[in-house]
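Here the structure comes first, spelled out in structure tokens, and everything after it is commentary.
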Amino acid sequence: MKLWQYFWAAALISLLTASASASTITGRSSTMLEWYDDPDGNRAYPAYQYLLLNARDIQDSGVNFRFFGRLGTDLNNRVDADSRLFYAYAEKRGINDMFNVKLGRHLVFTTAGSALMDGLTLDYNAGGPYTASIFGGGDVRYYESYHRNDLVAGGKVAGWILADNNLKLGLSFIQKWEANATTHQLIGLDAFYDHGIYFEAYGEYQFNYLSDTMSYLLAGVNYHRNPDWQVRVEYLYSKPVFSATSIYSVFAVAEYQEIMGQLNYRLGTGMFAFGRFTHEIYEEVANANVMEAGVEKIRTDQFSGSFSGVLRVHDEGQDLYGIRARVAYLLSHRFQVGGGASIDVLERRLVVFDGQETSIEGRYEETTHRIWIDATTYFTRRTSLEARISRIESDRWNEYYYGNVRFNYHF
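Numbering (the working numbering), first residue to last: 114 to 524.
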């Protein structure tokens, strides 16, 4: 039996124990049915049962248990509807007023890297300016085989410095093994400076030790002096990180960079506008400029929605433009309706050689769109029923429909 199957069994036993002895239990149960056509034109009916559970203060010990998973199957036996254990862990906080412990399946995140892990995380925080964390366990991978020798371990330290404690610096490290062979060794640095009134500055740096190269860099500034508008500017550098045991690790990989600027403006109560410009920098193809703008209305009464447009200009003829729209209206305290649309047009400039010295140049457009409607009925404060149906079509593929129905119970 694989390691994750043992963990599933342990998680279910822990779940039953927690449910019987916890002083407070909250969560949500969701039953969902989907239907759509697979690439071969066969109709699929995936069905899922989700369970989210939080059990607090088990047997008055201060231990909390958190669980989120699903059971899945295709009623028509056309596609794989996998069961998943997203997380299931016990947590104890405030041990000797300085330590927090997590044990089980949970996500660990550092600037050096992240992983979904079956293992232990120990955090140190005594209320002062410095914190530390160490973690280790099995490296969970959903789409590949998961063996007991697939491991992950690492740690991080961080601290607030300067007189006003407005500069935070962090150092992290993560290492992964596959079948006892080292596949990743990554080092991360991060910094955050909070001026308070005018701006925030932040940065993240990741170094691939096995390849002896920088793999990630993010630097940005967020200016927020005026409460009605904010400006954010970022620079991003990224290079793919492959497992040292993968064949791809011996090939040269292309770097990607981008420079982004964004303006957010408050139009009124619950209504915002934004504009974003991104310059994409590639090594092996031409650069591109992406412009996006839109408005959003969050719900303050009955209506909410958003509308945005995007234009991507590519020097080699791979232009893209599209629009996104979404609306929702609360008809009463028990019923909500909504809908939306997403339309993308890819414009290509093609050059076709005729085998001689001449060529034929032309333009080709490919349009893809998705249109949907949805509705939600709130039977009680604890139960609701959601339904959505979408029509998807493109110039390359025939139209098809996707729908889902979800029943939610909160407890």
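A virtual CB, placed ideally from N, CA and C, is assigned to each residue, including glycine.
Same chain, Cβ closer than 7 Å to residue i, five either side skipped, listed in chain order
i	result
G418	K410, R439, V440, A441
Y513	Y149, D150, I505
E393	E371, N400, A401, V403
Residue range of the beta strand (DSSP E) that includes residue i
i	result
V440	431 to 445
S356	That residue, S356, is in no beta strand (DSSP E); it is neither H nor E in DSSP.
P159	159 to 171
S285	280 to 291
A304	294 to 307
G154	No beta strand (DSSP E) holds G154; DSSP gives it neither H nor E.
N321	312 to 321
I274	264 to 274
A332	326 to 336
Residues near residue i in its chain [Cβ-Cβ closer than 8 Å; skip 5 each side]
i	result
M114	Low confidence applies here, because M114 scores a pLDDT of 40, under 50, leaving its location unreliable and the question unanswered by this model.
E478	V458, L459, E460, R461, D508
M327	Y318, Q319, F320, N321, Y350, K352
R183	Y161, Q162, Y163, L164, S196, R197, F199
S445	none
E397	A367
6 Å CB neighbourhood of residue i in its chain, flanking five on each side removed
i	result
A357	T296, L323
A454	A438, I484
H219	Y200, Y202
V423	E405, G435
V344	Y336, L376
E147	P159, N517
A314	Y306, V334
G416	Residue identity differs from the one stated: residue 416 is Phe in this sequence, not Gly. If we look at F416 and ignore the five residues flanking it on each side, its Cβ neighbours are Y442.
K289	D252, V265, T296, H297
A304	L282, G316
N511	none
Status (buried if at least 16 other CB within 10 Å, exposed otherwise) for residue i
i	result
R156	exposed
Y243	exposed
F524	exposed
R425	buried
G226	buried
P340	exposed
S359	exposed
V346	exposed
E429	exposed
Q172	exposed
A365	exposed
S136	exposed
S174	exposed
L101	The chain is shown only over 114 to 524; residue 101 falls outside these bounds and no answer can be derived.
Y237	exposed
Integer-rounded CB distance, given that residue j should sit under 8 Å from residue i
i	j	result
Y522	T496	5 Å
A168	F178	4 Å
G268	S285	7 Å
Y369	Y395	6 Å
A194	G207	So it is not a contact: roughly 40 Å between Cβ atoms.
M526	R519	There is simply no residue 526 to check, as the chain begins at 114 and stops at 524 in what is shown.
I'd like the ranges of any alpha helix (DSSP H) spanning at least 4 consecutive residues and lying wholly in the segment 176 to 247.
Listed in chain order, nothing qualifies, since the segment 176 to 247 has no complete alpha helix (DSSP H) run of 4 or more residues.
My parser needs the beta strand (DSSP E) runs of 3 or more residues fully inside the segment 375 to 432; what are they?
Restricted to the segment 375 to 432, the beta strand (DSSP E) segments that are unbroken, complete and at least 3 residues in length are 384 to 395, 401 to 410, 416 to 427, listed in chain order.
Could you name each continuous alpha helix (DSSP H) segment of 4 residues or more that falls completely within the segment 477 to 514, going from the start of the chain to the end?
Counting whole runs of 4 or more residues, the segment 477 to 514 contains no alpha helix (DSSP H) stretch at all.
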